[in-house]
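This report refers to the structure that appears directly beneath it.
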Amino acid sequence: MTKIVFVLPDMPGGGTERVVALFSNELVKRGYPVSILLFAGKRVEYLLDERVEIFVAGETSGGKLSVRLKRLKVMREFYKKNKGCYIFAFSVMGAVFSTISTLGIPHRMLVSERSDPSRYEHGFVRNLAYGRAEKLILLTEDMRQLFPKRLQRKAAVIPNPVPADMPEPFNGERKKRVVSVARLELVKNHKLLITAFADFIKQFPDYELHLLGIGTLEEELRKQVRSLQLENKVVFRGFSFNVKEDIRDSAMFVQSSDYEGISNAMIEALAMGVPVIATDCPVGGARSYIKSNVSGILIPVGDKKALTAAMMKVAESPEFAKTLSQNGAKIKEVYSLSRITDRLLEEAGI
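Numbering (this note's numbering), first residue to last: 39 to 388.
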């Protein structure tokens, strides 16, 4: 069988890394030889089948040319030993480095855009690398329109999968807990969520807000919590290895991002029947899975009043929350890991 090589910087716990782990485990179960090539670190925070090979090609460059040149040399040696492999580049720079390091070496390449393409600063370089690939995989139709026509013609839309081991929706009285699972970074806009939560608990004082994730803004967010006197209401949970069980019995899940490809945590919350509120980010990731007020609630980006109102609507109406739960959980079959992997292999022509 064709060897599949996923290429990305590192696997410290982000959404792209989660998807790569899911695909890798599923593919080795099907008999495919799979490697994950990490070119800027060696952290692996997700459980991988022991048959998945991890190859570390370099460390974070810090902008140093010498580190990047060494990385390219190591990657080239890897590709020489694996001639004819199929590269699945799940990062822009993974596609760029693989394009350079495979010059003259037989291979095939598929690239997958994981975020809002309009946010990337070096679109010209990215598009050159993507042009060398046989296939461009996008998460939504909206993303297709942001690429040149020549790349649109080779693009296919494949949404993120729902893991096969999802627990059944919780059946019982849910904890009075609002949860968010995301890196503590600016783009995720936790400040919006914390401010909206401060207004929300004026009407629903029994609730807590649990933030699962780590990031550079943690101390700044803790200061915001202290300034709003919410120390006893907002819990920083850090990185979780068991997110599904941590959020399964929560009253609601909130994604407050300013922009997002597709949040894997949001997908898992929907599949477990946790009522979901999400910002309707550019490129339409949340919109691909949620019909507003039917299987979740979509709100405008950055709209504190809309977020507060949405949380109140879920909290004050158990029947409405139950409707969101039941309808949201239906994505489990539509976007199953098995089906999405089939589509990925079909588009790759494997």
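Glycine residues also receive a C-beta, built at the ideal position from the N, C-alpha and C atoms.
On a predicted model such as this, the values are computed, not experimentally measured, just so you know.
Q. Which residue's Cα is closest to the Cα of leucine 189: Ala167, Pro199, Leu85, Pro201?
A. Ala167
Q | For glutamine 293: DSSP bridge partner residues | A | Ala316
Q. Can you tell which of Glu306, Glu298, Lys351 has its C-alpha closest to the C-alpha of glycine 322?
A. Glu298
Q. What three-state label does DSSP hand methionine 131 in the structure shown?
A. helix
Q: Pull up the CB-CB distance for phenylalanine 291 and valine 312, whole angstroms please, since I reckon it's below 8 Å.
A: 5 Å
Q.
Three Cβ pairs or more, each shorter than 8 Å: is that satisfied between the region 107-116 and the region 131-144?
A. yes
Q: Report the three-state DSSP secondary structure of leucine 110 (helix, strand or coil).
A: helix
Q.
Would you call the region 214-228 in contact with the region 250-259, where contact means no fewer than 3 C-beta pairs closer than 8 Å?
A. yes
Q. Quick one: what does DSSP say tyrosine 373 is sitting in, helix, strand or coil?
A. coil
Q) Hey, how far is the Cα of lysine 261 from the Cα of aspartate 203? A) 37 Å
Q) Closest by CA to asparagine 198, which one among Asn209, Thr178, Glu384, Ala127? A) Thr178
Q) Which two residues bound the contiguous beta strand (DSSP E) that contains glutamate 246? A) 246-250
Q | Rounded Cβ spacing between serine 150 and phenylalanine 128 (contact assumed at less than 8 Å) | A | 5 Å
Q: Please classify histidine 160: is it buried, with 16 or more other beta-carbons within 10 angstroms of its beta-carbon, or exposed?
A: exposed
Q.
Please identify the residue among Leu383, Asp237, Ile42, Val332 whose C-alpha is closest to the C-alpha of leucine 345.
A. Asp237
**Q.** Beta-carbon proximity list for proline 207, same chain, < 7 Å, skipping 5 on both sides
**A.** Met310, Gly311, Ser363, Ala367
**Q.** For valine 66 and lysine 370, the rounded distance between their alpha carbons
**A.** 22 Å
**Q.** Nonlocal neighbours in the same chain, by C-beta distance under 6 Å from isoleucine 335, ignoring five residues either side
**A.** Ile315, Ala348
Q: Report all residues from its chain with a CB closer than 6 Å to the CB of valine 195; omit the five preceding and five following residues, and keep chain order.
A: Leu176, Glu179
Q | Ranges of the alpha helix (DSSP H) found wholly within the region 155-219, counting only runs of at least 4 | A | 161-169, 179-182, 187-190
Q: Could you check the C-alpha separation between proline 71 and isoleucine 125 for me, to the nearest Å?
A: 12 Å
**Q.** Cα-Cα separation, serine 295 to valine 219
**A.** 11 Å
**Q.** Whether cysteine 319 touches valine 339 by CB criterion (9 Å)
**A.** yes
**Q.** Reduced DSSP category for glutamate 91 - H, G, I as helix; E, B as strand; rest coil
**A.** strand
Q: Keeping to the same chain, check which residues put their C-beta closer than 6 Å to that of asparagine 63; ignore five residues upstream and five downstream.
A: Asp87
(Q) For arginine 68, count the other beta carbons within 10 Å of its own beta carbon; 16 or more makes it buried, fewer makes it exposed. Which is it? (A) exposed
Q. In this structure, what does DSSP give as the bridge partners for methionine 310?
A. Note: methionine 310 sits in no beta bridge, so no partner.
Q. Given methionine 39, which residues of its chain have a CB within under 7 Å of its CB, disregarding the five upstream and five downstream residues?
A. Gly69, Tyr70, Pro71
Q) Which residue from Gly53, Glu83, Arg56, Ile74 puts its Cα closest to that of isoleucine 42? A) Ile74
Q | Reduced DSSP category for methionine 49 - H, G, I as helix; E, B as strand; rest coil | A | strand
Q | Pairwise C-alpha distance: valine 130 and asparagine 120 | A | 21 Å
Q) Skipping 5 residues on each side, what residues in its chain have a beta carbon closer than 7 Å to that of lysine 213? A) Asp287, Ser288, Ala289
Q: Determine, using beta carbons only, whether alanine 303 and glycine 53 come nearer to each other than 9 Å.
A: yes
Q) methionine 39 by DSSP, collapsed to three states: which one? A) coil
Q) Hey, how far is the Cα of leucine 382 from the Cα of serine 374? A) 12 Å
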